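Undergrad: If you read the sequences in order, they're chains A and B. Last residue of the first sequence? That's 210 in the numbering used here, and every number before it is there in order. Last residue of the second sequence? That's 572 in the numbering used here, and every number before it is there in order. The C-beta atom is built at its ideal place from N, Cα and C for all residues, glycine as well. Since this is a predicted model, take the numbers as computed values, not measurements.
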Amino acid sequence: MDEKLKLIYNAILEGDMEGVVNNIQAPLDAGVAPGEILNTALIPAMDKVGQLFEEGEYFVPEMLVAARAMKAGLEILKPLLVDSGVDPVGKVALGTVKGDLHDIGKNLVAMMLEGAGFEIVDLGADVSPDQFVAAVRDGVDVVGLSALLTTTMPAMENTIRAIKESGLRDRVKIIVGGAPVTAEYARQIGADGYAADASQAATLARELIS
Amino acid sequence: MKHRERVEMALNHERPDRCPMQISFTPEFVDRLRADMELQGKQVHNPHGGGNTYELERSLGEDMLLTSVGWANSYYMDSKPYIDEWGVGWTVHPYETPFGQGHYTEIVSHPLADAAAIPSYQPPDPNRPELYGDSEQMVHDFKDEYWIVGVTVTTIFETAWALRGLEQMMLDMAMDPDLTNHILDIPFHYHLTAAKRLVELGVDMVWTGDDMGAQHQMMISPKMWRTYFKPRMATLISELKALNPDVKVAYHTDGNVEPIIPELIEIGLDVLNPVQPASMDPAKIKKQYGKQLSFWGTIDEQRTLPFGTQEDVANEVRQRLATVGYDGGLILAPTHHVQLDTPLENFWAMVNTIVNTPYETL
Chain A
1 MDEKLKLIYN AILEGDMEGV VNNIQAPLDA GVAPGEILNT ALIPAMDKVG QLFEEGEYFV
61 PEMLVAARAM KAGLEILKPL LVDSGVDPVG KVALGTVKGD LHDIGKNLVA MMLEGAGFEI
121 VDLGADVSPD QFVAAVRDGV DVVGLSALLT TTMPAMENTI RAIKESGLRD RVKIIVGGAP
181 VTAEYARQIG ADGYAADASQ AATLARELIS
Chain B
211 MKHRERVEMA LNHERPDRCP MQISFTPEFV DRLRADMELQ GKQVHNPHGG GNTYELERSL
271 GEDMLLTSVG WANSYYMDSK PYIDEWGVGW TVHPYETPFG QGHYTEIVSH PLADAAAIPS
331 YQPPDPNRPE LYGDSEQMVH DFKDEYWIVG VTVTTIFETA WALRGLEQMM LDMAMDPDLT
391 NHILDIPFHY HLTAAKRLVE LGVDMVWTGD DMGAQHQMMI SPKMWRTYFK PRMATLISEL
451 KALNPDVKVA YHTDGNVEPI IPELIEIGLD VLNPVQPASM DPAKIKKQYG KQLSFWGTID
511 EQRTLPFGTQ EDVANEVRQR LATVGYDGGL ILAPTHHVQL DTPLENFWAM VNTIVNTPYE
571 TL
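Here it is as structure tokens:
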């Protein structure tokens, strides 16, 4: 990896937001394409964060500071990526399902997906089936449903049913996660996949759209 | 056998006549249960205290009664949005179950979200005598018969995240140790004072703790727990035991916290709660740590109680008795308040299997 890009990569891993911001201009000035910075520094750094999370080296706080640093870099790159015609790898609508206000799990998934190159449509918490259907209608590749509670988990099934009834089920991949959710439950309710954590959600979304 | 003797024996790692039992409930589940039991509860049940007569708990044959002082009492405080005395903003949010609509109180605003508010923040005073009236009364009324638990859960981390916001609190923990220590000390000092006062009032056990586990791993690293939480918990446990060497201390944390269990034992913990079985295998934890630690909880609230059959529930109870409770050291309880999505048949399968399974029949 180019030394200048390595500085950005390392700053993300260390959660050093200023380091990312201070080091991102040099490669741009040197003529490195914004898409290359994204694909060679930002995305691999967040992949590494996910790997360290899976290995039990990083936990939620380390993931949060890394994502914050990555986001600072991405904010600088975004307009340049648009100008140079670099598209996101896919578009994901995320929300915590109806009745449930807990959003840190969903927010972590959003951060890891953004760090994997996806465009995120964050629908927030307490999202009704109709709101998810509207997001699918607007055009997304993946829908992610989150629930923390056994009492709100059934809203996932209602949401998937609403997407089916709207006739849009074939247009979109649906992934689910949250504390009480299991792979078996995901299969039962007709989701395309289950992820146990934010890092796995990013891996899963990539697989499903490839 | 008196209820308190049953708990005392279990916590001394002896086998009482049957396993002790403790259960708490969400308010709407209580409405269903009271109707089922033809009990005349007059007020909305609050699982964190607030004028509880313990009629339901005593009718069910529970062995421990709980009295709570601290920020956790802000849950279920009102049926409309409110701001608690710490400045934390709450909303009341409905959810639907096959058994009707329930309501959770959920945090929506944090008084220390803006760092500028931190230096001048004044927490409530834990020395107000009126905070302890209910606890004093219930110790007086019930201690002869029941094992009394003084509750100061959400001791450090959970109150701090309510004050600051969870994501911001975790960013602080990773980036600004001085600010983190300043914020964590606010609830810590409050709940330390409350816990000591409860010990002075004569409670048998103090229930302390914070959620440190996520479903599959710890939320924060063991290293971070060692930095911020272990020293404070060590201080709390030693100060409580200095007041009364016989008082027991229980630690609550949801999720998987296997990596820190040896260090909880090292700082003098007696009881781990709730040992969430979808996150940690209770039988394995018992094998590894059962000589030094007792367990309170272990009945699955994420699958078995809401979604299992009566047979599943009864089997789970019997399995815990055989694999965790066989030599004492276990107080059976659901791993959280019983939720409205729980079928009454499953609830009764749990209660009846616990109450009707003498250890000698195992």
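#1: As an exercise, report each continuous alpha helix (DSSP H) stretch of at least 4 residues that is fully enclosed by the segment 155-198 of chain A, in chain order.
#2: Of all Cβ atoms in chain A, is any one closer than 8 Å to the Cβ of ILE430/B?
#3: Using a beta-carbon distance below 8 Å, is ARG68/A in contact with chain B?
#4: Can you tell me which of the three DSSP states GLN347/B falls into?
#5: Can you find the residues in the same chain that come closer than 6 Å, C-beta to C-beta, to PRO304/B, ignoring five residues on each side of it along the sequence?
#6: Can you list, in chain order, the stretches of the alpha helix (DSSP H) that have 4 or more residues and sit fully within the segment 102-164 of chain A?
#7: Would you please verify whether the beta carbon of TYR461/B is less than 8 Å from any beta carbon of chain A?
#8: Can you confirm whether GLU306/B, when its beta carbon is compared against all beta carbons of chain A, has any partner nearer than 8 Å?
#9: Out of curiosity, what's the CA-to-CA distance linking LEU554/B and GLY518/B?
#10: Just tell me which of LEU101/A, PHE53/A, LYS98/A and GLY124/A has its CA closest to the CA of VAL92/A.
#11: Whose C-beta lies closer than 6 Å to the C-beta of MET385/B among residues of the same chain, with five residues either side of it excluded?
#12: Rounded C-beta distance between ILE564/B and VAL527/B? I'm assuming under 8 Å.
#13: Name the DSSP bridge partner or partners of GLU306/B?
#14: For the segment 45-77 of chain A, list the beta strand (DSSP E) runs that are entirely contained and at least 3 residues long, ordered along the chain.
#15: Assess contact between the segment 65-78 of chain A and the segment 39-49 of chain A, defined as three or more Cβ pairs (one per stretch) separated by less than 8 Å. Is contact present?
#16: Going along chain B, which residues have a C-beta under 8 Å from PHE59/A?
#17: Check each candidate in SER504/B, THR307/B, CYS229/B and VAL298/B and name the one with the smallest Cα separation from TRP281/B.
#18: So, for ALA323/B: in the same chain, excluding its five sequence neighbours on each side, which residues have a beta-carbon less than 7 Å away from its beta-carbon?
#19: Pairs of beta-carbons, one from the segment 30-43 of chain A and one from the segment 74-89 of chain A, closer than 8 Å: are there three or more?
#20: Can you grab the Cα-Cα spacing for the pair GLY35/A / PHE118/A, in whole Å?
#21: In this structure, does DSSP put ARG228/B in helix, strand or coil?
#22: GLY99/A touches chain B at which residues, Cβ-Cβ below 8 Å?
#23: On a CA-only basis, which of MET211/B, ILE233/B and LYS212/B is nearest ILE541/B? Give me that one, please.
#24: In terms of residues, what are the limits of the alpha helix (DSSP H) holding SER448/B?
#25: Since GLY465/B and ASP395/B should fall inside the 8 Å C-beta cutoff, what is the C-beta to C-beta distance between them, to a whole number of angstroms?
#26: Smallest Cα separation from PRO397/B: which of MET443/B, MET415/B and HIS350/B?
#27: Cα-Cα, which of ASN222/B, HIS213/B, GLU316/B and ARG214/B is closest to GLN502/B?
#28: Using a Cβ cut-off of 7 Å, pull out every chain A residue sitting near GLY518/B, in sequence order please.
#29: Under 8 Å between the Cβ atoms of ALA559/B and VAL523/B?
#30: Hey, GLY423/B and THR463/B: beta-carbon distance below 8 Å or not?
#31: Please name the residues in the segment 373-402 of chain B whose beta-carbon is closer than 8 Å to at least one beta-carbon of chain A, in chain order.
#32: Would you list the residues sitting across from THR418/B in a DSSP beta bridge?
#33: Tell me which same chain residues have a C-beta within less than 6 Å of the C-beta of MET348/B, skipping the five on either side of it?
#34: Just to confirm my understanding: we take THR362/B, look at its own chain, exclude 5 residues before and 5 after, and list those with CB closer than 6 Å. What are they?
#35: Thinking just about the alpha-carbon of each residue, which of GLY15/A, ASN10/A, MET17/A and LYS4/A is nearest to the one in ALA26/A?
#36: Give me the chain B residues within the contact set of GLY115/A, using Cβ-Cβ distance strictly less than 7 Å, ordered along the chain.
TA: This is what the structure gives:
#1: Within the segment 155-198 of chain A, the alpha helix (DSSP H) runs of at least 4 residues that lie entirely inside it are, in chain order, 183-188.
#2: On the second sequence, position 220 is the one that residue 430/B refers to. Yes, contact with chain A.
#3: Walking along the first sequence from the start, residue 68/A turns up at place 68. It does; some Cβ of chain B falls within 8 Å.
#4: For the purposes of this step, residue 347/B is taken as the residue at position 137 of the second sequence. Looking at GLN347/B - three-state DSSP - the assignment turns out to be helix.
#5: As a position in the second sequence, residue 304/B is number 94, starting the count at 1. Result list for PRO304/B: GLN311 and HIS313, in chain order.
#6: 104-115 and 129-139
#7: Walking along the second sequence from the start, residue 461/B turns up at place 251. No, no contact with chain A.
#8: In the second sequence, counting from the first residue as 1, residue 306/B sits at position 96. Closer than 8 Å to some Cβ of chain A, the Cβ of GLU306/B qualifies, so yes.
#9: Here residue 554/B refers to the residue found at position 344 when the second sequence is read from its first residue. Here residue 518/B refers to the residue found at position 308 when the second sequence is read from its first residue. For LEU554/B and GLY518/B, the distance between alpha carbons rounds to 12 Å.
#10: On the first sequence, residue 92/A is found 92 positions in, with the first residue counted as 1. Looking at the Cα atoms, GLY124/A is the closest of the given residues.
#11: Residue numbering aside, residue 385/B sits at position 175 when the second sequence is read from its first letter. Around MET385/B: no qualifying Cβ.
#12: For the purposes of this step, residue 564/B is taken as the residue at position 354 of the second sequence. For the purposes of this step, residue 527/B is taken as the residue at position 317 of the second sequence. Going by Cβ atoms, the distance from ILE564/B to VAL527/B rounds to 6 Å, so yes, they are a contact pair.
#13: Locating residue 306/B in the second sequence gives position 96, counting from the first residue. According to DSSP, GLU306/B bridges with GLN311/B.
#14: none
#15: yes
#16: As a first step, residue 59/A is located in the first sequence; it is residue number 59 there, counting from the start. Simply GLN427, MET428, MET429, ILE430, SER431 and MET434.
#17: Counted from its first residue, the second sequence places residue 281/B at position 71. The shortest Cα separation from TRP281/B among SER504/B, THR307/B, CYS229/B and VAL298/B belongs to VAL298/B.
#18: Looking up residue 323/B in the second sequence gives position 113. Excluding sequence neighbours, ALA323/B sits near ARG374, GLY375 and GLN378.
#19: Enough Cβ pairs lie closer than 8 Å, so yes.
#20: Here residue 35/A refers to the residue found at position 35 of the first sequence. Here residue 118/A refers to the residue found at position 118 of the first sequence. Whole-angstrom Cα-Cα distance: 13 Å.
#21: For the purposes of this step, residue 228/B is taken as residue 18 along the second sequence, with counting starting at 1. Residue state, collapsed to three classes: strand.
#22: Taking the first sequence and counting its residues from 1, one reaches residue 99/A at position 99. Correct list: HIS303, PRO304, TYR305 and GLU306.
#23: As a working mapping, residue 541/B is identified with position 331 in the second sequence. Of the listed residues, the one whose Cα sits closest to ILE541/B is ILE233/B.
#24: Counting from one through the second sequence, the residue named residue 448/B turns up at place 238. It spans 440-453 - the alpha helix (DSSP H) in which SER448/B sits, taken as one unbroken run.
#25: For the purposes of this step, residue 465/B is taken as the residue at position 255 of the second sequence. For the purposes of this step, residue 395/B is taken as the residue at position 185 of the second sequence. The pair is not a contact, with the Cβ atoms about 24 Å apart (cut-off 8 Å).
#26: For the purposes of this step, residue 397/B is identified with residue 187 of the second sequence, where counting begins at 1. Residue MET443/B is the option with its Cα nearest to PRO397/B.
#27: Numbered from its first residue, the second sequence carries residue 502/B at position 292. The residue with the shortest Cα to Cα distance from GLN502/B is ASN222/B.
#28: In the second sequence, counting from the first residue as 1, residue 518/B sits at position 308. Those do not exist, as GLY518/B stays about 11 Å from chain A at its closest Cβ, beyond 7 Å.
#29: Taking the first residue of the second sequence as 1, we reach residue 559/B at position 349. Taking the first residue of the second sequence as 1, we reach residue 523/B at position 313. In contact: ALA559/B and VAL523/B (Cβ atoms closer than 8 Å).
#30: Your numbering for residue 423/B matches position 213 in the second sequence. Your numbering for residue 463/B matches position 253 in the second sequence. Result yes, Cβ atoms of GLY423/B and THR463/B sit closer than 8 Å.
#31: LEU376, GLU377, MET380, LEU381, MET383, ALA384 and MET385
#32: On the second sequence, position 208 is the one that residue 418/B refers to. BP columns for THR418/B point to TYR461/B.
#33: Within the second sequence, numbered from 1, the residue matching residue 348/B stands at position 138. Shown here for MET348/B: same chain residues with a beta carbon closer than 6 Å to its own, the five before and five after excluded, namely THR277 in chain order.
#34: Taking the second sequence and counting its residues from 1, the one referred to as residue 362/B is at position 152. Taken in chain order, the residues that qualify are GLY280, HIS401, ALA404, ALA405 and THR418.
#35: As a first step, residue 26/A is located in the first sequence; it is residue number 26 there, counting from the start. Measuring from the Cα of ALA26/A, the nearest candidate turns out to be LYS4/A.
#36: The sequence position of residue 115/A within the first sequence is 115, counting from 1. In chain order: nothing, as chain B lies at least about 16 Å away.
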